[in-house]
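S.K.: My structure is below; once you've seen it, I'll send some questions.
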Amino acid sequence: MRYYMGYLLLVIGFATISGCKKDSAVQKPPADPLDVRVSGYIYSDYNWNSDLKTDLSLLTDLNLAFINPDTEGEFPLNEQVEEVIARAHAKNVRVYASIGGGSAPPHFKSLLEDDSRTDLISNLSALVDDYDFDGIDVDLEGDFITADYADFISELSSVLKSKDKLMTAALATWNGNVLHDSTLAKFDYINVMSYDATGVWDPANPGPHSPFEMAQNDAKYYIQQRNIPAAKILVGLPFYGYIFENGAASYMDFRNIVSAYPGAENKDMVETAAGGKIYYNGIPTIQKKVQLAADLKAAGVMIWELTYDAPGDKSLLKAINDLR
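Sequential numbering from 46 applies to the sequence shown in the numbering used here.
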């Protein structure tokens, strides 16, 4: 929270400058393409194959969000999963079942407990085998990081490693201290959620929710303070923004922002007709964060969320790949 107003002044200043020189802020393709992974989440109500319109050749990894257990710890799925995995594998894209999410089902906590955890992990193991997932992405947040979380991660890691499968995590830094170093070390990759510094839950604090400095500080937290190898870190990129207007806040995806506001793709903030402000990441900032990942020798970047992208030359995914 303490970053908001400082970030606000930085971004307003940047937006003013970029409004005059917006084209020069977009990076040109480097002489040596950046070697970074591009991992994207697709959020869907179990219709991933139908909803995924992304050119999969622009990704290295795909996270299906969210595949959560029922109250018995089982994972009822449909043919959409098989279809989207087949499409991705045809393009050499790794696919993960992402569990949890910001609105994980309440019963997930009890499934992590000693008397249920073995069955849950057994069902996750079967899920990976039955659908040929490349791994599991653990996106348990907030109070879902319970006293049983460390044991769950340790036991799931052992099972997945025995199958030569990957385990990743979506983690922020605001509560990073609740995770032991030994638990963090179990993950093959960490998708750092460097966004949502403010949002709809905090309308009294308007400002950028994902400034460059946040991405920089979050990545360095895991690399320098928690001693996670940089090669395990993916810098999180938001494909959405927040509108602050008349004392309220709401959500808006990048596709709709650039459709409603010409030239918005090269800015990080635009003003609404009613005098409100929309904060997001435009092409220059997204590319700057990709360069950050490369400079840190991080694994790459992570996207939330693919269906929010704009088409054509305004696409953030295209802008990322212009540097690769």
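For each residue, glycine too, the CB sits at the ideal point set by N, CA and C.
Report, in whole angstroms, the separation of the C-beta atoms of Y141 and D179, which I expect to be a contact under 8 angstroms.
M.R.: The Cβ separation is near 6 angstroms, so the contact holds.
S.K.: For Y296, is the classification buried or exposed, using 16 other Cβ atoms within 10 angstroms of its Cβ as the cut-off for buried?
M.R.: So Y296 counts as exposed.
S.K.: I323 bridges to which residues according to DSSP?
M.R.: Beta-bridge pairing links I323 to I288, V315.
S.K.: Identify whether Y266 lies in helix, strand or coil by the three-state DSSP scheme.
M.R.: The answer is helix: DSSP assigns Y266 an H, G or I state.
S.K.: Would you call the region 222-236 and the region 310-321 touching, i.e. three or more CB-CB distances under 8 angstroms?
M.R.: Touching, no, given that fewer than three Cβ pairs across the two stretches are closer than 8 angstroms.
S.K.: Given E127, which residues of its chain have a CB within under 8 angstroms of its CB, disregarding the five upstream and five downstream residues?
M.R.: Y176.
S.K.: First and last residue of the beta strand (DSSP E) that includes W349?
M.R.: Counting along the chain, the beta strand (DSSP E) containing W349 begins and ends at 345-349.
S.K.: For the 8 angstroms Cβ check, are there 3 or more pairs between the region 277-284 and the region 349-358?
M.R.: With a cut-off of 8 angstroms, the region 349-358 and the region 277-284 count as touching, because enough Cβ pairs lie within range.
S.K.: For a minimum of 4 consecutive residues, which ranges assigned as the alpha helix (DSSP H) are wholly contained in the region 132-157?
M.R.: Listed in chain order, the complete alpha helix (DSSP H) runs (minimum 4 residues) inside the region 132-157 are 153-156.
S.K.: Give a yes or no on whether the C-beta atoms belonging to R82 and L362 are separated by under 8 angstroms.
M.R.: No. Outside cutoff.
S.K.: Grouping DSSP H, G and I as helix and E and B as strand, with all else coil, what is M259?
M.R.: Looking at M259 - three-state DSSP - the assignment turns out to be helix.
S.K.: For K322 versus F299, is the C-beta distance shorter than 8 angstroms?
M.R.: Contact flag unset, no.
S.K.: Which of helix, strand or coil does DSSP assign to N250?
M.R.: Correct three-state label for N250: coil.
S.K.: Going by the DSSP bridge assignment, what does Y296 pair with across the sheet?
M.R.: For Y296, which the question treats as bridged, DSSP gives the partners Y287.
S.K.: Put G118 into one of helix, strand or coil per three-state DSSP.
M.R.: It is coil, neither helix nor strand.
S.K.: Considering only residues of the same chain and omitting the five flanking positions on each side of A214, which have a CB-CB separation below 6 angstroms?
M.R.: Excluding positions up to five away in sequence, the list reads V183, F232, I235.
S.K.: For V83, which of helix, strand or coil comes out of DSSP?
M.R.: If DSSP states are grouped into helix, strand and coil, V83 belongs with the strands.
S.K.: Leaving out five residues before and five after K26 in sequence, what residues of the same chain have Cβ atoms less than 7 angstroms from its Cβ?
M.R.: Any property of residue 26 remains undetermined from this structure, which presents the chain solely from 46 to 369.
S.K.: From the DSSP output, in three-state form, read off Y176 for me.
M.R.: If DSSP states are grouped into helix, strand and coil, Y176 belongs with the helices.
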